[in-house]
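If you're matching positions, the sequence shown starts at 5 in my numbering and goes up one per residue.
Virtual Cβ for every residue (Gly too), placed ideally from N, Cα, C.
All values derive from a computational prediction rather than experimental measurement.
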Amino acid sequence: KPAEVENLEEIPTTDELMQNPEVREQPVADSDDPDLTAVSSGDYWTIYYNSANDEYSLRMFGNVPSSKPSAWNSYLKYIKHIEIEEATLTGDFSSYFRSNVFTVLESVRIERSNLSGVTSFARAFEGDSESESPLEKVIIRDNYYPETPSLTNISRMFTLCRKLSELDVSGLNTSSVTKMDTIFSNANSLKELDVSHFDTSSVTDMSSMFAACNSLEELDVSNFDTSSVTNMKYMLSGLHLKKLDVSNFDTSSVTNMYGMFAYCYNLEELDVSNFDTSSVNNMLHMFYVCNNLEELDLSNFDTSSVTNMFAMFAYCTSLKEIDVSNFDTSSVTTMSAMFFECSSLEALDLSNFDTSSVTTMASMFENSTALKSLYLDNFTDAASMTDMFKGTTSLTYLFVSHNLSTFNRLENTSWYDEKNWVQFSNLSQLQTYHRKQSEPTGYRKGAFLSLTMDAMGGEFEDAEEQKVQNKVSGEYWEEIVPVKEDYYFDGWYLDQNFTNKFDFSLPAAVSTTIYAKWVENYTVIIPASISLNEATELKVEGINRGSKALSVGLNRLATSVSESNELTLANTADTTVQCSAPLSWDGSENNPEKAI
5 KPAEVENLEE IPTTDELMQN PEVREQPVAD SDDPDLTAVS SGDYWTIYYN SANDEYSLRM
65 FGNVPSSKPS AWNSYLKYIK HIEIEEATLT GDFSSYFRSN VFTVLESVRI ERSNLSGVTS
125 FARAFEGDSE SESPLEKVII RDNYYPETPS LTNISRMFTL CRKLSELDVS GLNTSSVTKM
185 DTIFSNANSL KELDVSHFDT SSVTDMSSMF AACNSLEELD VSNFDTSSVT NMKYMLSGLH
245 LKKLDVSNFD TSSVTNMYGM FAYCYNLEEL DVSNFDTSSV NNMLHMFYVC NNLEELDLSN
305 FDTSSVTNMF AMFAYCTSLK EIDVSNFDTS SVTTMSAMFF ECSSLEALDL SNFDTSSVTT
365 MASMFENSTA LKSLYLDNFT DAASMTDMFK GTTSLTYLFV SHNLSTFNRL ENTSWYDEKN
425 WVQFSNLSQL QTYHRKQSEP TGYRKGAFLS LTMDAMGGEF EDAEEQKVQN KVSGEYWEEI
485 VPVKEDYYFD GWYLDQNFTN KFDFSLPAAV STTIYAKWVE NYTVIIPASI SLNEATELKV
545 EGINRGSKAL SVGLNRLATS VSESNELTLA NTADTTVQCS APLSWDGSEN NPEKAI
């Protein structure tokens, strides 16, 4: 402890001052605390030592300048609490309360003071990146501004205050503030923060304003006036909120949205449909690791000034679809990792993308494992396309410009030209073929298969005896039925002995030939009116164009024909063969209700 300890007037402790306003307003001479001893003092300050808890505190009052007296030097590493009350602060208080100045400072209270003359609180409480700031509590409330506030800069005011768990800034007038960048960045013990009263009408820089405040349970910025803001880089990054209302943001002046919502991985809803992005030039990491977002409306985004889209949607793993068809990418130079690991995205239409200025597309679609279709109608080669298609394992359709000659790390499997039905057994063949094209071409993944249908003496509608279908593995063959005079079609078989019937319900897997099976055709004529009571047997006249005998009979125990007792045709010459025959009845055309 400092050697110079004087027995000066005793004053109330911090807790007593806050709990009892009457005590707080008492003169120092009227306070009575046997544990509190003034050890040093000046015109506007007193340093106290509390023997009960072995702590030093600093109290300021009256006219408080922004400079620090040298008399404080021997106490700076001991002072744990600072109270500024009924004071008038004047000047630049940048870095004033920093942990590299007051190395053990735990709390600061500024109340009922005139702050009109303060020009800056920039880095006022900033922690040390090398060591953890001990600051836990800051109260700035009930202050007044008899003149127009001079405060223009509160940049980095509470950044890196990692232990700060209680913060009240209701007494801070921000109407003249232009710089709010990084003000709360990495204050990651804060669960509550009320900035709803902030007047942000003059603010131009909000970059990293709430970055990594990952313990906040809610944040109301819905009334922020952002009409003057030009920089929103990492403004809301690292927040673990499920909801965030930025729908009223005026972004017409914003030029930088780099990482604005990056690492907001709990965010389930985000409405940016009203964003005016006409002035934005940087969207790098804008939605990086927003992996709970399932939808995102960017239909009004004007990207005509944007040059950087690096990893813009990377790790948006829940995003199932996204419409970027209106994006103007004519100025973009970087698209690397733009859709990296968008593992739920199934289709992506980039047909309107102009990539003439792009220099790198490395890993642009890497690990977008659910992506099935991709349209790159106007893409051109870039200087770097490393791993551009790596991990797009579900991609089955690629429509691509003839000016994009390299499909780096595309699945090395069977592809084919959907228009000309040209098959490629590997990626090398595909790229060689594509480089010879003069227009955008569509390619599908899969083996090019054929099914030859041999009518075996019959014919199809076009009078051909064979028909060939072309399909891709995984697709389904169409069942086509031929005809043959005096014969009945009995299905398609994989062999000419008709032992293995072909199954059209299975997807195409190999090229093959199938054969039509035919059975001889019979015509049976049955009278339109039949009375089974008049005869013991039913006489049927049949025209047999084959060589086998034909009979028609009823179930032995049946006495009448019904839905459950149908006429059955039996081949008596060879009981191992079942014959099917079309039936016609005399009078059935004129009296169909009497037909059996």
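Sequence-distant partners of Cys268 (beyond 5 residues in either direction) whose C-beta falls short of 6 angstroms from its own C-beta, in its chain, are Leu243, Cys294. Runs of the alpha helix (DSSP H) spanning 4 or more residues and lying entirely within the region 298 to 328 do not occur at all.
In this structure, DSSP gives Thr517 an extended state, which the three-state scheme calls strand. The criterion of a C-beta distance shorter than 7 angstroms is not satisfied by Ser55 and Asp37. In its chain, beyond the 5 residues on either side, Ser322, Leu323, Lys324 have a beta carbon closer than 7 angstroms to the beta carbon of Glu298.
When only Cα atoms are considered, Ser169 and Pro150 end up about 31 angstroms apart. Linking Val404 to Thr364 through their CA atoms gives a straight-line distance of about 17 angstroms. Beta-bridge partners of Lys237 (DSSP): none assigned. For the 7 angstroms CB-CB criterion, Leu171 and Val207 do not form a contact. Straight through space, the alpha carbons of Arg145 and Ser99 are spaced by roughly 20 angstroms. Between the alpha carbons of Phe188 and Asn382 lies a gap of roughly 43 angstroms. When the Cα atoms are used, Phe506 and Thr307 turn out to be separated by approximately 55 angstroms.
Ala91 is a Cβ neighbour of Val68, given a cutoff of 7 angstroms. Annotation: Thr359 is outside any beta strand (DSSP E) and is labelled neither H nor E by DSSP. At the C-beta level, Thr178 and Phe202 come within 7 angstroms of one another.
Within 10 angstroms of the beta-carbon of Ser133 lie fewer than 16 other beta-carbons, which makes it exposed. Leu349 sits in coil when the DSSP states are folded into three classes, being neither helix nor strand. Around the CB of Asn330, fewer than 16 other CB atoms lie within 10 Å, so the residue is classed as exposed. From the listed residues Asp96, Phe508, Tyr497, the smallest Cα separation to Trp522 is found for Tyr497.
Under the DSSP assignment, Thr436 falls in the alpha helix (DSSP H) whose first and last residues are 431 to 438. The criterion of a C-beta distance shorter than 7 angstroms is satisfied by Lys394 and Glu370.
Between the alpha carbons of Leu378 and Ser398 lies a gap of roughly 11 angstroms.
As the crow flies, the alpha-carbon of Leu349 is around 22 angstroms from that of Thr417. If only uninterrupted beta strand (DSSP E) runs of at least 3 residues are considered, those enclosed by the region 373 to 411 are 377 to 380, 401 to 404. Per DSSP, His201 is not a residue of any beta strand (DSSP E), being assigned neither H nor E.
DSSP places Glu272 outside any beta strand (DSSP E), giving it a letter other than H or E.
Around the beta carbon of Arg448, 16 or more other beta carbons lie within 10 angstroms, which makes this residue buried. With a 10 Å radius around the Cβ and a threshold of 16 neighbouring Cβ atoms, Ala512 comes out buried.
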